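S.K.: First residue of the sequence shown: 429, per the numbering used here; consecutive thereafter. Below you will find the structure I want to go over with you.
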Amino acid sequence: MSDAKGFLCEAIELARENVRKGGRPFGAVLVKDGKVIATGVNEILETGDPTTHAELQAIRVASHVLGSPRLDGCTIYASGHPCPMCLSAMHLTGIREFAYAYSNEEGEPYSLSTAKVYAEMAKPLAAQSVKATHIPVRIEGEDPYEMWKARSAV
């Protein structure tokens with residue numbers, strides 16, 4: 429069995445155990461240089477926090493373990509197709525590779541697909557169902573972006 433298949437099997441086992449404990453059927457394994465750095469399961473039902481997806485949980489742990497918000501060189505193996513939120517987190521942290529065992533199409537009969545969210549987010553911002561309004565408010569004093577630039581230059 430290839431390493432990828434082995435890590436995907438581990439993610440599926442995490443998902444199975446999570447279902448046994450009353451959670452949703454999602455597990456993730458985050459790997460760097462062939463070694464498991466972190467794992468995660470979907471904890472939405474346990475925590476009431478809609479952002480506690482398996483991939484995000486693994487990213488949080490890996491960032492702590494590696495001491496960096498950057499996870500360049502890491503790969504995520506997920507039991508299910510990552511949602512747009514999780515995919516965005518991968519982009520933001522430098523993860524450039526992921527693999528998944530169950531597709532959105534396979535999850536659809538169980539209401540476990542995020543294909544509709546992907547379709548919505550593919551629309552221009554003004555055409556999406558979430559109303560977005562840019563209001564360029566500035567207050568007197570230091571600009572937080574300029575403060576960040578000055579601090580980052582040090």
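The beta carbon of each residue, even a glycine, is placed where N, CA and C say it ideally should be. Quick caveat, the model's predicted, so the values are computed rather than measured.
1. Starting from residue 494, trace the beta strand (DSSP E) in both directions and tell me its first and last residue.
2. Pull up the CB-CB distance for residue 508 and residue 473, whole angstroms please, since I reckon it's below 8 Å.
3. At what residues does the beta strand (DSSP E) containing residue 525 begin and finish?
4. Answer with yes or no whether the minimum CB distance from residue 429 to chain C is below 7 Å.
5. Report the option in 581, 499 and 482 whose CA atom is closest to the CA atom of residue 511.
6. Which class does residue 455 belong to by DSSP, given the choice of helix, strand or coil?
7. Does the Cβ of residue 452 have 16 or more other Cβ atoms within 10 Å, making it buried, or fewer, making it exposed?
8. If you run the structure through DSSP and keep just helix, strand and coil, what is residue 560?
9. Just how far apart, CA to CA, sit residue 447 and residue 574?
10. If you draw a straight line from the alpha carbon of residue 465 to that of residue 555, how long is it in whole angstroms?
11. Considering only residues of the same chain and omitting the five flanking positions on each side of residue 514, which have a CB-CB separation below 7 Å?
12. Can you list, in chain order, the residues of its chain whose CB lies under 7 Å from that of residue 499, leaving out five sequence neighbours each side?
13. Does residue 521 come out as helix, strand or coil in the three-state DSSP assignment?
14. Alpha carbon to alpha carbon, how far is residue 431 from residue 535? Give it in angstroms, no decimals.
15. So, using beta-carbon positions, are residue 525 and residue 503 closer together than 7 Å?
16. Who are the Cβ neighbours of residue 505 in its own chain at under 6 Å, not counting the five residues just before and after it?
M.R.: Looking at the coordinates:
1. It is not in any beta strand (DSSP E) - residue 494 instead sits in the alpha helix (DSSP H) that spans 482-494.
2. Contact flag wrong, Cβ pair sits at about 15 Å.
3. 525-530
4. In the structure shown, chain C cannot be found, because there is only a single protein chain.
5. 482
6. strand
7. buried
8. coil
9. 47 Å
10. 39 Å
11. 481, 483 and 484
12. 487, 490, 491, 521, 522 and 523
13. helix
14. 24 Å
15. yes
16. 435, 436, 439, 457 and 527
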